[in-house]
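See below for the structure under consideration.
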Amino acid sequence: MASKSKPKTRGKPGFTVGPGDAGTTYLKDRDIDQKGYLKDRMAPSEAVFPDLETRAWIYDTGETLFRHEHAHKGTSLKALKLTTVESWRRYGSEASYAKAREAARKKLGLNRQSRARRPKLEQIAALQQVDREMLEMLLKNQNPRAHQAVIDYATELEQQKYFSAAKVRVWQKLRVDLSVPWITQAEVAASGVYELLLSENRFEVPPELAQYCFTNATTNELKRQLELDIVRKSNKMIKERGIKGLPIRRLAEIDVGPDEFDEALFCSWTRMTVHPDVFDALNRVKRPLYVLLHAHALGCHGDITREQIEANWAAKERRDPVTSVYYAGRNQIIIRTVYQADADGELLPWIEVSAERIPLH
Amino acid sequence: MADTIRIYLPFDRSVSTTDQIAWRIPFKVGRHGTQDDFYYGLKEHPGAGTTAGSRLSPVYQEFMTLFGLTGAGFKVRGRWHKTESGCLGGYEIQINVPVNTVGHNVVMDVSVARAVELAVLMLKLHLLDHVTTPAAIDALNIEDVEIEYVELTDCYDCQTREEARAMRFAFQQLTELKNGI
Numbered sequence: 308m309a310s311k312s313k314p315k316t317r318g319k320p321g322f323t324v325g326p327g328d329a330g331t332t333y334l335k336d337r338d339i340d341q342k343g344y345l346k347d348r349m350a351p352s353e354a355v356f357p358d359l360e361t362r363a364w365i366y367d368t369g370e371t372l373f374r375h376e377h378a379h380k381g382t383s384l385k386a387l388k389l390t391t392v393e394s395w396r397r398y399g400s401e402a403s404y405a406k407a408r409e410a411a412r413k414k415l416g417l418n419r420q421s422r423a424r425r426p427k428l429e430q431i432a433a434l435q436q437v438d439r440e441m442l443e444m445l446l447k448n449q450n451p452r453a454h455q456a457v458i459d460y461a462t463e464l465e466q467q468k469y470f471s472a473a474k475v476r477v478w479q480k481l482r483v484d485l486s487v488p489w490i491t492q493a494e495v496a497a498s499g500v501y502e503l504l505l506s507e508n509r510f511e512v513p514p515e516l517a518q519y520c521f522t523n524a525t526t527n528e529l530k531r532q533l534e535l536d537i538v539r540k541s542n543k544m545i546k547e548r549g550i551k552g553l554p555i556r557r558l559a560e561i562d563v564g565p566d567e568f569d570e571a572l573f574c575s576w577t578r579m580t581v582h583p584d585v586f587d588a589l590n591r592v593k594r595p596l597y598v599l600l601h602a603h604a605l606g607c608h609g610d611i612t613r614e615q616i617e618a619n620w621a622a623k624e625r626r627d628p629v630t631s632v633y634y635a636g637r638n639q640i641i642i643r644t645v646y647q648a649d650a651d652g653e654l655l656p657w658i659e660v661s662a663e664r665i666p667l668h
Numbered sequence: 008m009a010d011t012i013r014i015y016l017p018f019d020r021s022v023s024t025t026d027q028i029a030w031r032i033p034f035k036v037g038r039h040g041t042q043d044d045f046y047y048g049l050k051e052h053p054g055a056g057t058t059a060g061s062r063l064s065p066v067y068q069e070f071m072t073l074f075g076l077t078g079a080g081f082k083v084r085g086r087w088h089k090t091e092s093g094c095l096g097g098y099e100i101q102i103n104v105p106v107n108t109v110g111h112n113v114v115m116d117v118s119v120a121r122a123v124e125l126a127v128l129m130l131k132l133h134l135l136d137h138v139t140t141p142a143a144i145d146a147l148n149i150e151d152v153e154i155e156y157v158e159l160t161d162c163y164d165c166q167t168r169e170e171a172r173a174m175r176f177a178f179q180q181l182t183e184l185k186n187g188i
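Line by line, the protein sequences give chains A and B. Position one of the first sequence corresponds to residue 308 (our numbering), numbered consecutively onward. Position one of the second sequence corresponds to residue 8 (our numbering), numbered consecutively onward.
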């Protein structure tokens, strides 16, 4: 007896809003919402550009960029373990961004690229009879769910199960999705969008535009300025109100931002390898790695003997390896600068960070 | 880039209701059912109306600008402590960092950590206009931030506008694959 239950209705996950080329395409999901769009040069902006040519330059560049936006909600961030600031700090690796990107790509189905051309006759003939007939319906722009073998089942659930099994078989053999119109999947496969979204050639702001955009160069300066303003305001408050018990604040005399290191000498924020155990150890004591890296770069080599300190000083002069050791709970964090020759033979510093458990005596 | 982010910045666990009252930590109490409700909704907290929730406290959920370079704003609101009645647990910040700092997000680099750092610093600077002591902002530690929502924008260089438009259309078809027949 056929089921009389009402089919569930729900909005389509993929939809586009806006006219023609100016539209924004959305893909809604409970964990990661995604968008694809082009930047509208007429959209209002709060930016202050030095002149119209610079503004035009930036917007001209923006118009040639296809923007894929993936919005990770709490569930996605928790599953990817990307809910803390430390988890997003690079430390010489793009792993966190790669994880987020991979999760979005999977939701988009980029790991399931269908074929662009019709299967050959002999490939279709190799399928089971019902699968073959359903595929032929799809290729003729008919709905394969209307095949007699499907509707012979009494309930909607049984029909769906049968159809799903056939869909899997056809996909495994021919990479054709029985649940999507053939023309659409073929056009998408031929469009180059898979190759584009799977490529690692993402746009990077060119150096000549960096000062007008959100880049490391501009944000380093902004961060520094904010910290200074906070220090000044705090000190003013302490003095004016006569607050007792709080010291007057000072920013470090030595700038220790990443761009202030003399990379030729000792430390690099990009040439770095960090063993995963390091983050486990530091997370337990809630200490970010960059604090230890700063200390190492400044010459505070941690919990080592006087002899080791003197040996480190001498090693620095010779460009020999230098090692710092810091305690983090039951672990030692070992930071080591070694020198490696680049393609031109120049010795450049490379940072290796590892963790070792302190044995119980 | 991280376009819009939403983070929760909790107070240090050692901070009590008494501290918050003394420091005049700002937040806004709204009527139940209005847009200005707190995250947990209005309760009959002893704090509301008599302590830090006093009508005399600064109104929160307001917009802030940075350095006057941009006229953009961002949203901040308090969340009640999970267990201690009348105590503010921390602040929720929703912000589009590129727009609030350089004024646009047309072309940009990617850095979630830097976006969070700037958001927290901007909040702290704003709080200093309200609180009675810098100890109040010392109780907010960036390493305690819980990131709850992140928009990452990957820009692909298509060389020409026409090619970019073609890719946008192809992306549209790609998402329609998810709709099925």
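Positions of the beta carbon are idealized from the N, C-alpha and C atoms, including for glycine.
Check, Outcome
"Three-state secondary structure (DSSP) of T630(A)", "strand"
"Cβ distance (whole Å) where W489(A) is taken to contact L446(A) below 8 Å", "5 Å"
"8 Å Cβ cutoff, M71(B) in contact with chain A", "Here the model assigns M71(B) a pLDDT of 41, short of 50, so the residue's position is not dependable and the matter cannot be decided."
"Segment contact, 8 Å Cβ cut-off, at least three pairs: the region 488-507 of chain A with the region 170-181 of chain B", "yes"
"The region 649-665 of chain A / the region 577-593 of chain A touching (three or more Cβ pairs under 8 Å)", "yes"
"Under 9 Å (Cβ pairs) to chain A, residues found in the region 105-119 of chain B", "P105, V106, N107, T108, V109, G110, H111, N112, V113, V114, M115, D116, V117, S118, V119"
"Residue-level contact to chain B via CB, V512(A), 8 Å cutoff", "yes"
"Span separating the alpha-carbon of Q455(A) from that of Q430(A)", "23 Å"
"Counterpart residues of R452(A) in DSSP-defined beta bridges", "R452(A) is not bridged to any residue."
"Residue-level contact to chain B via CB, A607(A), 8 Å cutoff", "Reading off the sequence shown, one finds Cys at residue 607(A), where the question assumed Ala. No, because no Cβ of chain B sits closer than 8 Å to the Cβ of C607(A)."
"Under 8 Å between C-beta atoms of H601(A) and S631(A)", "no"
"Inside the region 349-391 of chain A only - alpha helix (DSSP H) runs reaching at least 4 residues", "359-370, 381-387"
"Beta-carbon proximity of D164(B) to F510(A), cut-off 8 Å", "yes"
"Residues that W87(B) bridges to, as DSSP identifies them", "L95(B)"
"Distance between K346(A) and N508(A) (C-alpha atoms, nearest Å)", "19 Å"
"Interface flag, Y633(A) vs chain B, CB-CB below 8 Å", "no"
"Any C-beta of chain A under 8 Å from that of E99(B)", "no"
"Chain A residues whose Cβ lies nearer than 8 Å to that of Q27(B)", "The premise fails here: Q27(B) is roughly 17 Å from chain A at the closest Cβ pair, so nothing lies under 8 Å."
"Three-pair Cβ contact test at 8 Å for the region 463-471 of chain A versus the region 136-144 of chain B", "no"
"Other residues of its chain near Y634(A): CB distance less than 8 Å, five sequence neighbours each side excluded", "G609, D610, I640, I665"
"Helix, strand or coil at Y398(A) [DSSP, three-state]", "coil"
"Proximity winner among T24(B), Y156(B), T108(B), V104(B), relative to G96(B) (alpha-carbon distances)", "T24(B)"
"Start-end ranges of the alpha helix (DSSP H) lying completely within the region 410-460 of chain A, minimum 4 residues", "428-432, 436-446, 455-458"
"Extent of the continuous alpha helix (DSSP H) run through F322(A)", "Run containing F322(A): none in the alpha helix (DSSP H); it sits in the beta strand (DSSP E), 321-324."
"Neighbouring residues, chain B, relative to M544(A) (Cβ below 9 Å)", "L135, V138, T139, T140, P141"
"Selection from E547(A), S394(A), R531(A) that minimises the alpha carbon distance to K593(A)", "S394(A)"
"Beta-carbon neighbours of E494(A), restricted to chain B and to distances below 9 Å", "A177, Q180"
"Cross-chain neighbours of G96(B) in chain A, by beta carbon under 7 Å", "Near G96(B) there are no residues of chain A at all, since even the closest Cβ is about 16 Å away, more than 7 Å."
"Whole-angstrom distance between T108(B) and Q518(A), CA atom to CA atom", "12 Å"
"Local conformation of K82(B) per DSSP, three classes", "strand"
"Uninterrupted alpha helix (DSSP H) stretches inside the region 113-170 of chain B (no shorter than 4 residues)", "119-134, 142-145"
"Residue-level contact to chain A via CB, L132(B), 8 Å cutoff", "yes"
"Alpha-carbon to alpha-carbon, P595(A) and G636(A)", "13 Å"
"Inter-residue Cα distance where the pair is E401(A) and K319(A)", "33 Å"
"Buried versus exposed, by CB contacts within 10 Å (16 or more), M174(B)", "buried"
"Enclosing beta strand (DSSP E) for Y469(A) [first to last residue]", "Careful: Y469(A) lies outside any beta strand (DSSP E), inside the alpha helix (DSSP H) at 463-481."
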